[in-house]
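2 protein chains.
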Amino acid sequence: MLDYAALAALAAVVREGSFERAAQALHVTPSAVSQRVRLLEERVGCALVIRGQPCRATEVGQHLCRHLAQVRLLEHDLQDVLPVAAPTAERARLPVAVNADSLASWFAPAAAQYAASAPVLLELTVDDQDHTAERLRSGAVLAAVTALAKPAAGCNSQALGTLRYLAVASPGFMARHFAEGVQARSLALAPSLLFDRKDQLQARWVRRQCRKAVPLPCHLLPSPQAFVEAGLAGMGWGMQPLPLVQPLLAAGRLVELVPGTPMDVPLYWQHARAASALLDGLGRAVLAAARAALG
Amino acid sequence: MLDYAALAALAAVVREGSFERAAQALHVTPSAVSQRVRLLEERVGCALVIRGQPCRATEVGQHLCRHLAQVRLLEHDLQDVLPVAAPTAERARLPVAVNADSLASWFAPAAAQYAASAPVLLELTVDDQDHTAERLRSGAVLAAVTALAKPAAGCNSQALGTLRYLAVASPGFMARHFAEGVQARSLALAPSLLFDRKDQLQARWVRRQCRKAVPLPCHLLPSPQAFVEAGLAGMGWGMQPLPLVQPLLAAGRLVELVPGTPMDVPLYWQHARAASALLDGLGRAVLAAARAALG
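Chain order of the listed sequences is A and B. Just so you know, we're using the UniProt record's numbering here: the first sequence kicks off at 1 and counts up by one. Just so you know, we're using the UniProt record's numbering here: the second sequence kicks off at 1 and counts up by one.
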């Protein structure tokens, strides 16, 4: 068996970012934490923590952290079965990765509703829908909303529906930049909006429309609300998620660059296969919300 | 003089994350990019890029990138003075770090309004208000909205006002967890909301109220809107920024844990000192918006 006190020390260091704060959280001395992690590293034969500001898990360390999170979830399920379970008032931690547009629209109310009544602590991390699956694979999270259909090793995948994106801009922006039409030439000069460096949606839409890649001047706006605001203010055009801009399109404050050219991004709920009633409960809440909100 | 073609190659690698994509952006071969960066590294005597997925700048590399951004801004100002300026239709890049709550409330409309009419490309990065100043110091950005009053080296600092935070929860959550009052004992059991691991606001409020540190069970919700949703759904209590929750407080959907115990976070606009009309213009727009929105 693995040494679970040592695993808990490892997970606390990674979660809190330092050996000192991990020691506070576990009510032990920093040297006890550091000794447990060191012994575990000797046992498994490789480094588990990259010492730094903050401390981070190595790849093997991430797998061990995910393993611990799964074991804790399973222990939690046991409490309903055993009359005298482990004396823990501790809530189970559910690390989940979500793409920002889902979190800003349909995901947050569903997850909040579930976590408000279930004995869990949700630990959400935000990443691009093309990259949340990596976090699942690396063991950093137990579940993810992702654009990848193919399940990661040890995971199940369920279709959530598609999040529709439209290439939109303000009417003023359209008049300034696309009066002569939306082609490669005008797109190469008109500022676009990019959520972050990983965001490929604008480039994909342009490649589909123009049948070639066009280098796009871009603003970087890593916030779904700022992204919408920027569109409204005529700062640039961008692929906006339909649930966030539907009322603005209806009011004519945003318009499609080329009417009827949506891009649909299919989303999947991937989760670690080890059955756990708590993770299953979150999954059901997420699936129900997605089916109501997505296409 | 520094080799500016090499600096541009360095900045493109850091911006795009790989030598291949930098080469595409600069319309040269990847080996040309890699040679320019290597020669620059030999010249300055240290590594400038950490080769990885994605490639990142070393500390010296970040300083060189910021220097290049400043030089580009200054060149941009020249275009108004010289009848025949450098033949560039390129917009100036303004890398700026902003805390998430500012970006989600007062900052986005102001910056979008400015960038919609000025010949710039805004590159926003989001970080905790206690950490945006580090990005300025490290040279990753030219300006930042930060909680640090003391200007970073080579920077000016202007007060923006204070962003007010209130410890709030839903009425149902209050009844479930704080029926016997808000003390260390009840706070140690009631789930709190944390924006991310860097978020110290909840811990600071508890330390002030209880006159000691209390370990808080916490959900992690790295999105201002998800944070508000989680509060509404009764998932936990948290320090919410007043501009985002004022209507919800007025409607009674959220209530203060202890009435009249706000925490005010003073915010500052810090920017690189090298005068540039474009950076000054953004600064004026940000200051005006902050004065209208903050206390």
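For each residue, glycine too, the CB sits at the ideal point set by N, CA and C.
Output the distance between the C-alpha atoms of residue i and residue j, rounded to the nearest integer angstrom.
| i | j | result |
| --- | --- | --- |
| P171/B | V255/B | 6 Å |
| R204/A | S34/B | 27 Å |
| V182/B | L7/B | 56 Å |
| R91/A | S157/A | 26 Å |
| C65/B | G139/B | 7 Å |
| L73/B | T261/A | 37 Å |
| R291/B | G161/B | 7 Å |
| S192/A | H27/B | 20 Å |
| C155/B | V71/B | 15 Å |
| V44/A | A152/A | 24 Å |
| R135/A | M263/A | 25 Å |
| H271/A | V286/A | 12 Å |
| A289/B | R208/B | 31 Å |
| E180/A | R197/B | 49 Å |
| K150/A | V14/B | 31 Å |
| A116/A | V214/B | 21 Å |
| P259/B | G252/B | 13 Å |
| V96/A | H67/A | 14 Å |
| L221/A | A11/B | 19 Å |
| V120/B | L94/B | 7 Å |
| Q225/B | P224/A | 9 Å |
| L163/A | V98/B | 28 Å |
| G295/A | E123/B | 32 Å |
| V37/A | E41/B | 37 Å |
| A169/B | L257/B | 7 Å |
| A184/A | A9/B | 25 Å |
| P30/B | A23/B | 5 Å |
| P241/A | A100/A | 11 Å |
| P87/B | E59/B | Confidence in P87/B is poor, its pLDDT being 46 and thus under 50, which makes the residue's placement too unreliable to answer from. |
| A25/A | P217/B | 10 Å |
| L166/A | F227/A | 13 Å |
| A274/A | E75/A | 12 Å |
| H177/B | K212/A | 58 Å |
| A190/B | C210/B | 15 Å |
Just to confirm the assignment, what range does the alpha helix (DSSP H) spanning residue i have?
| i | result |
| --- | --- |
| W269/B | Unbroken run through W269/B is the beta strand (DSSP E), 263–272; no alpha helix (DSSP H). |
| L242/A | 242–250 |
| L282/A | 277–293 |
| L232/A | 224–232 |
| Q202/B | 201–210 |
| R253/A | First-last for R253/A: undefined, no H or E at that position. |
| A213/A | Careful: A213/A lies outside any alpha helix (DSSP H) and carries neither H nor E. |
| L7/A | 4–16 |
| A22/A | 19–26 |
Answer with buried or exposed for residue i, where buried requires no fewer than 16 other C-beta atoms within 10 angstroms of its C-beta.
| i | result |
| --- | --- |
| A118/A | buried |
| residue 297/A | No statement about residue 297/A is possible, as the shown extent of chain A runs from 1 to 295 and does not include it. |
| Q62/A | buried |
| M239/B | buried |
| A85/B | Caution applies to A85/B, whose pLDDT of 48 falls short of 50 and renders its modelled position unreliable; the model cannot decide the point. |
| M174/B | buried |
| C46/A | exposed |
| residue 299/A | With chain A covering 1 to 295 only, the question about residue 299/A has no answer from this structure. |
| A69/B | buried |
| T132/A | buried |
| S105/B | buried |
| A230/B | buried |
| S276/B | buried |
| A250/B | exposed |
| G142/A | Position check: residue 142/A holds Leu in this sequence, whereas Gly was assumed. It counts as buried. |
| R137/A | buried |
| L48/A | buried |
| L194/B | buried |
| L2/A | exposed |
Tell me where the beta strand (DSSP E) around residue i begins and ends.
| i | result |
| --- | --- |
| L194/B | 192–194 |
| L220/B | 218–220 |
Would you call the segment 257–275 of chain A and the segment 136–150 of chain A in contact, with 3 or more CB pairs under 8 Å? Under the 8 Å Cβ criterion, the segment 257–275 of chain A counts as touching the segment 136–150 of chain A, having at least three qualifying pairs.
Take every Cβ of the segment 113–129 of chain B, pair it with every Cβ of the segment 238–255 of chain A, and state whether three or more of those distances are shorter than 8 Å. Because the criterion of three Cβ pairs below 8 Å is not met, the segment 113–129 of chain B and the segment 238–255 of chain A do not touch.
Segments of 4+ residues assigned as alpha helix (DSSP H) that fall wholly inside the segment 121–189 of chain A: If we require 4 residues or more, the alpha helix (DSSP H) runs fully inside the segment 121–189 of chain A come out as 132–137, 171–177, 184–187.
Taking only runs of the beta strand (DSSP E) that begin and end inside the segment 33–115 of chain B, which ones reach a length of at least 3 residues, in chain order? 92–98
Using 8 Å as the threshold, is the segment 107–116 of chain B in touch with the segment 228–235 of chain A, meaning 3 or more CB pairs across them? These segments touch.
Counting pairs of beta carbons, one from the segment 275–292 of chain B and one from the segment 193–204 of chain B, are three or more of them closer than 8 Å? Cβ pair count under 8 Å is below three, so no.
Determine contact between the segment 11–18 of chain B and the segment 48–58 of chain B, defined as no fewer than three beta-carbon pairs at a distance below 8 Å. In the pairwise beta carbon analysis, the segment 11–18 of chain B is classified as touching the segment 48–58 of chain B: at least three pairs are separated by under 8 Å.
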